[in-house]
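Residue numbers (the numbering used here), protein chains in the order written: chain A, 1 to 381; chain B, 382 to 762; chain C, 763 to 1143; chain D, 1144 to 1524.
Just so you know, even glycine gets a beta-carbon here, dropped at the ideal spot from N, CA and C.
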């Protein structure tokens, strides 16, 4: 009789389940280097602003890019569907909860206009900022060339899960190697969450990879499809692919953790797991002047955390400068993200991001205990 | 001195503790095949409607079967005890909470009528639908023949735990191999949750096995008897038995995960754990036109999740078509179950259910974190 | 340089973390044997009523023992300190919350009277019941002889932790082997929770061992002293000691799991972990006619779950017969404990307690999931 | 192709996840020795009062030290910045929640005065108590000598993470070996949480090490920086370093667990993990006469649990004598800490702290279960 074969399961970990261990050396935060390189481009902070309408519009992109990060404008959102994008945004914010789903569905049914693509890109370039835009793989071939002509510096091709091999009857899958050659610009592709899929993507010639599929428990990808890999494990997997690919090719592809980062602590852990940069959305939607005006919503039906039709109130908590560089008026880790990274690296003895990759990480679930004995409250002014 | 021998315990996993990993290939959902075969029968969706009074009555059975699934009518419920079943159902729904326990006990004390068995089955057959019915092992010998004569296509013999060997003084245990030969119809037996018990059942000649004993924490089997195996592990065990039995006999017995499935995510995970089909109850009791009219209750004292006397309000959330095929108006995974399965298979690169069995599954507990920073609410129209 | 040596920790498990797996054979509940033997004594149900004032008084002892179990009367409680014990009990129940601590401390400061010991024991014996009493190890030498003279059938020597070797300046530790010889009655000793300590105790000639030190999280032993072993692991350890001792001596010492059992599920798991019997308190304090009148409180400052001074309202939920034998009017496992054990054994294919010891147990944490989709409520009449 | 290399993670444990196992021998609490030695100094209880303004002022230090413990006065707090420290404390306590952050920031901006350092130290010495003070590594060279001249007995050099090698541009790192030689007094350094970092610190000639970086989940180090090691694992690591260093040098460096201890249970577990003493803050801030008057707040922006600007109300629960030695009026483990340690050691069979290091510890998460069946409430007079 044959031996029974049971399906094997391995444990995966998310931000809340791990923690970093201080080093044997400590470094003053001002002695750490947190810059991020992507081919010819250098950013003073390793943070990308997510390509979502409530996070990035042209003026936010300019401001964010000038502060040292990289904002990505969604080429399939309100900015490229509506001339009067600001009015549309205002309308979304003013609409009551019980009418928002149908409103959002209607708004995103409007066709994308090529002239608006060019217009939005030029607005960013004319302000002297680096311009990055995102497209879905289905629309990449048409929209990417329009965007290139308009002068973008970097292209992001992003969907919930992107692979090099897509089986479809209705359209021929995007050939990433062709896209990279056609664009002759840095190309970031995602999302992805396993070693093997990441390695295949890297071999197409891309410059960066977005990591994160259904990372959180609140994520609808996980609830609806049962699919998702917690971000620490996903980042560790893709970082291992980066090392393998670097050894076989000599090319270093940036690993960018995208999704599930809410605090400085989450962000620091992403780097220790192997990220070269992170992409964040809701922490930036909370900035004064963010296009979402204190709200946040999804870009597509399949968006993992916020499917189209879901609008959440994130609130406006501080200026963008404060969120990125402090000073922090709260202790919950939502402000001074760059400062938190520098301090964490200092405490862990990492002089730069590559040394941060080697910091010891432990499994240490965040169990609430303090509140049992007395309540820690905090006044948020 | 002898070495001490300590009882060994192995870890088992449930739906909420695991997650699926996207594949290296992705497939357009419309290119996936989710059909389910059981001997000579083919179903376009691999979903069985549970043999419970609040879920399946003849008209629901017809509708569900025509939509591609397989509804199982309980031959020991209200439909076969009362001519005026609809009035009884209405009465259950109208009765206040404090009188429901005694009412249900009284209602189910009424004897089963053979003429009603025939009548209900013929109603389904005359509407042109496939007809499946369930009996308990104790009553199988008498009721199954009546049902066969009335024209059923498939028999389910189901109790909380069914084994090939039952020790009893009062009645001679059901011999499953005899039942299969007598019926000469597809026979599904359950419930079961371990490799060894499943293998023994398969060897009797059955066509399908129901997997699930005390799967959930809210399940009274677990609370009252201490007995229960979480569904992912139970399905993995029974799927391994299916492979062993297939190798020794060449016959492929369908593994049907029954119980604990509430969302598309749960359903997708059941298939990735090895299920060929799933049996669901409460998600269908929430359909417009479900016999329970927004309520759900147990069929017997020993029913694992809902012992007789317990009635729960599940609400009516959408049409049956929407629950099975969408469009979904919510993002919590309770609508568009077939669509969720196709999309999940697409993301995981599985062209059919057998490929879905091979998708990588990880242990990734669903820890609530999102809500810490801002509240995600959703308007349900 | 020497290799660093880190303290090693092993995982221990409690009731809520495990579950039982149905067997390959099933048995009708009425075919199971749940009797419990202790030397010359046989009990038809393997349940001991805890030696606590709110659980056992002479009349409860008589009733419980006649129903087939073994009630243990505390010889250092209200019954042996007060002639008018009933009045004292009534007074405890009537006292408001803010005066209960000082009242209880005052009540238990009253000296124990030898004449009351005799009186209470004779009351039980004259009613034709088996009489078991408990003493603390400190008082064993004096009180046990009085009790023996009064006609007890069984002695329990119990403290939070009892070992064969106790280091003390103020009194010479109790020599258990001497106690066993002096009494020439069945002797049960406890509590204990590890293999080595249990084995040492067994070697003194005792007949039963009480298992359980700080079993629950709410247990103050755990909170105050950091000490405690969850009951599944504790029972597995002591059951292994029983087997070792049986092999070396041929004597079978009963393992009695004491503490943390609240439901039929907990009780069934204790037997599957290796218990020959269980001792329960709060489930019985909830019976009509229990001396605590719906309240429960601790016997000593060091009582693990209920230190003296803590009074909890447990409520009166059903008759003692219903709690032990059903019918159950609820589905939360607090009624029909003997029936639950028989049914669980039937489902697991165990004909008697010794076969129940061999039932497969898995680690399957009780995660609440059901409530996410609809609320399961239940009317308690 | 090279084999992929995935980052490895080890599991770490905190107080709430472990428990102690009773021994095979038990000891009367009054036979246990809980004294703590640090070079030439002996303390009758192994407890240090944390160097925080709400915990230790000169009069509290005198009282605490006379009760047998070791209170550490913060040389960079209110006592050394303000002549009228009591008025400042009163002002902090009286200030409403919405003005406390800015007030605390302003108060701690006042310069430290050398004459006040001398004055506070002399007040303690003149009362006949042992005097210990703390400084940060940055200020150690200047402040430590002033303190030494004023007559201190012991110096603590403490920051969130202290290592032997600190990389900084702005100031030359503190050379600990020089500090130890200059002071020729017992020197305690911290904080630290890993084997390697602890071993390096021990090799500089220090006498004690403070263990604890971001120990709790509520700890802001963990939330903001992603850094932290749960205290059981941190203590086990540092205790292993102590043994390694003892074998290589013959010198025994005291391991002092600092942070996250709220109950007697936590405290007992710290010793079983390898601590020679513990440092506690909030349990002492709850004492009558504590300088914080029922409040507690952080000393610096980087303080792990309470960053400057956060004030919490801890309440005043009992006298200092009761908190240390009982009698306890509650059962939640917050009173009679020394008594709890003695009782725990007795139950575990440890005659002294070094034997307590060898007590068996298990992983046994504190799952709340009791409350499911009835509510345990407690009247706090």
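*May I have a chain-ordered list of the alpha helix (DSSP H) segments no shorter than 4 residues that lie completely inside the segment 493–559 of chain B?*
Look at the segment 493–559 of chain B and you find these whole runs of alpha helix (DSSP H), each 4 residues long or longer: 495–507, 518–531.
*the segment 1481–1506 of chain D: which residues have C-beta closer than 7 Å to a C-beta of chain C, in chain order?*
1483, 1486, 1487, 1490, 1491, 1504, 1505, 1506
*What does a CB cutoff of less than 6 Å around residue 406 (chain B) pick up in its chain, not counting 5 residues either side in sequence?*
730
*Check whether the Cβ of residue 399 (chain B) lies closer than 9 Å to any Cβ atom in chain A.*
yes
*Excluding the five sequence neighbours on either side, which residues of its own chain have a C-beta within less than 6 Å of the C-beta of residue 1436 (chain D), listed in chain order?*
1236
*Can you list, in chain order, the stretches of the alpha helix (DSSP H) that have 4 or more residues and sit fully within the segment 968–1016 of chain C?*
Counting only runs that start and end inside the segment 968–1016 of chain C, the alpha helix (DSSP H) elements of at least 4 residues fall at 993–1011.
*asked:* Less than 9 Å between the beta carbons of residue 1347 (chain D) and residue 1370 (chain D), yes or no?
replied: no
*Between the Cα of residue 497 (chain B) and the Cα atoms of B:469, B:511, B:456, which residue gives the shortest distance?*
B:456
*How many angstroms separate the CA atom of residue 11 (chain A) from the CA atom of residue 400 (chain B)?*
C-alpha separation (whole angstroms): 10 Å.
*Range covered by the alpha helix (DSSP H) that runs through residue 1482 (chain D)*: Residue range 1480–1491 is occupied by the alpha helix (DSSP H) that includes residue 1482 (chain D).
*Relative to chain B, which residues along the segment 1002–1028 of chain C have a C-beta separation below 9 Å, given in chain order?*
1002, 1003, 1005, 1006, 1009, 1010, 1025, 1026, 1027, 1028
*Out of curiosity, what's the CA-to-CA distance linking residue 974 (chain C) and residue 1041 (chain C)?*
10 Å
_Cα-Cα separation, residue 610 (chain B) to residue 574 (chain B)_ = 7 Å
*Do three or more CB pairs link the segment 717–737 of chain B to the segment 696–705 of chain B at distances below 8 Å?*
yes
_Opening and closing residue of the alpha helix (DSSP H) in which residue 1033 (chain C) lies_ = 1026–1035
*Does DSSP classify residue 1180 (chain D) as helix, strand or coil?*
strand
*Reducing DSSP to helix, strand and coil, say where residue 576 (chain B) ends up.*
helix
_Euclidean distance between Cα positions of residue 364 (chain A) and residue 1375 (chain D)_ = 11 Å
*Taking only beta-carbon atoms, is residue 654 (chain B) less than 9 Å away from chain A?*
yes
*Partner residues on chain C for residue 1347 (chain D), Cβ-Cβ distance less than 9 Å*: Those do not exist, as residue 1347 (chain D) stays about 17 Å from chain C at its closest Cβ, beyond 9 Å.
*Please look up how many angstroms separate the CB atoms of residue 187 (chain A) and residue 157 (chain A), rounded, as I've assumed it's under 8 Å.*
7 Å
_Nearest to residue 175 (chain A) (by Cα), restricted to the options A:85, A:254, A:201_ = A:201
*List the whole-angstrom C-beta distance separating residue 880 (chain C) from residue 908 (chain C), where the pair is believed to meet the contact cut-off of C-beta under 8 Å.*
7 Å
*Look up residue 1126 (chain C) in the DSSP assignment and say whether it is helix, strand or coil.*
coil
*Can you tell which of D:1216, D:1164, D:1182, D:1172 has the C-alpha that lies nearest to the C-alpha of residue 1442 (chain D)?*
In terms of Cα proximity to residue 1442 (chain D), the closest of D:1216, D:1164, D:1182, D:1172 is D:1216.
*What's the call for residue 942 (chain C), buried or exposed, on a 16-neighbour Cβ count within 10 Å?*
buried
*In whole angstroms, what is the alpha-carbon distance linking residue 792 (chain C) and residue 1115 (chain C)?*
If I take the Cα positions, the gap works out to 14 Å.
*Taking the alpha carbon of residue 313 (chain A) as the point to measure from, which residue in A:35, A:44, A:54, A:332 has its own alpha carbon closest?*
Here the closest residue by C-alpha is A:54.
*asked:* Can you find the residues in the same chain that come closer than 6 Å, C-beta to C-beta, to residue 1194 (chain D), ignoring five residues on each side of it along the sequence?
replied: 1215, 1217, 1277
*How far does the alpha helix (DSSP H) with residue 769 (chain C) in it reach, from first residue to last?*
Here residue 769 (chain C) belongs to no alpha helix (DSSP H), and DSSP marks it neither H nor E.
_For residue 1240 (chain D) and residue 1352 (chain D), I'd like the C-alpha separation in whole angstroms._
35 Å
*Rounded straight-line distance, which links the Cα of residue 65 (chain A) to that of residue 130 (chain A)*: 6 Å
*Can you say whether residue 113 (chain A) is buried or exposed, counting buried as having 16 or more other CB atoms within 10 angstroms of its CB?*
When all chains shown are included, residue 113 (chain A) counts as exposed.
*asked:* I'd like to check one pair, residue 67 (chain A) with residue 320 (chain A): are the Cβ atoms closer than 9 Å?
replied: yes
*Could you check what DSSP says for residue 293 (chain A) in three-state terms: helix, strand or coil?*
In the structure shown, residue 293 (chain A) sits in coil (DSSP, three-state: anything other than H, G, I, E or B).
*Would you please verify whether the beta carbon of residue 603 (chain B) is less than 9 Å from any beta carbon of chain C?*
Residue 603 (chain B) counts as touching chain C.
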